[in-house]
């Protein structure tokens, strides 16, 4: 495993890479307020079969946090340039929540760089996620609000409250750059993807959804699967908004099966 910082678009970008160079490439794209650590439960296991690259998006994790408008288009354009700069192309994009929305937009902007999509409880089908976050956040996050939000909106029956991660989230929110990026990104996910965007997806797509997700509800996953022709839709029973953290073995198995079938064509 190699953890390093790269210069992309004049920004210092944090990333982590693992797996055999010749193996299929998976680029992991985290969600709102997330980081490389969001993939902790699946990273090592996926790297046994694939060449994995996880990135802290600008404004997140240990990457630079410039003062700008963090739109989905901005993140998608960044991802296209990131793949070009690293030579990590074409790759299979694995996006969670906002990262799923970014993955779709990245494909639309540079389809030649994207081999397939794995969308995990993707944002962008409705305004539910942004509304829920604002509702629970009130005039600002504190530990009690964050715990209530995770228990009631994020975690399913399989999930456990990780107070260490919540404390880290609160610590990050004390960083003005992170906070600015967080609220700008929150505005960005308030604007759903268009039907035309979804109909334009022509690469193999695996959609994974937690049955108990109240942030991006299961009905959003159903809509997404119906809109993307030929997509495979998998529901993880008992999981909430982060099935890759709540049911990592099952998610890794499904991703591995999907890609092996893709490569055997």
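In the numbering used here, the protein residues as written are 153 to 417. Each residue gets a CB set at the ideal place from its N, CA and C atoms; glycine is no exception. Note that the structure is predicted; figures quoted are calculated from it, not measured.
Only residues of its own chain outside the window of five on either side were considered, and among them 268 and 356 have a CB closer than 7 Å to the CB of residue 414, listed in chain order. Judged by beta-carbon spacing, residue 249 lies within the 8 Å limit of residue 184, meaning their Cβ atoms are closer than that value. For the set 392, 195 and 340, the Cα lying nearest the Cα of residue 301 is the one of 392. In this structure, the CA atom of residue 219 is about 15 Å from the CA atom of residue 340. Secondary structure of residue 417 (DSSP, three-state): coil. By the Cβ neighbour-count rule, residue 313 is exposed, with fewer than 16 other Cβ atoms within 10 Å of its own.
When C-alpha distances from residue 332 are compared across 383, 262, 159 and 211, the shortest belongs to 211.
In terms of Cβ geometry, residue 325 and residue 293 form a close pair [threshold 8 Å]. In this structure, DSSP gives residue 380 a state outside helix and strand, which the three-state scheme calls coil.
Judged by their CB atoms, residue 385 and residue 359 are nearer to each other than the 8 Å cut-off.
By DSSP's assignment, residue 178 forms a beta bridge with 204 and 244.
Sequence-distant partners of residue 389 (beyond 5 residues in either direction) whose C-beta falls short of 8 Å from its own C-beta, in its chain, are 363. Under the three-state reduction of DSSP output, residue 214 falls in the coil class, being neither helix nor strand. Taking 8 Å as the cut-off, the Cβ atoms of residue 246 and residue 270 count as close. Here residue 243 is near residue 177, since their CB atoms are less than 8 Å apart. At the C-beta level, residue 181 and residue 208 stay beyond 8 Å of one another.
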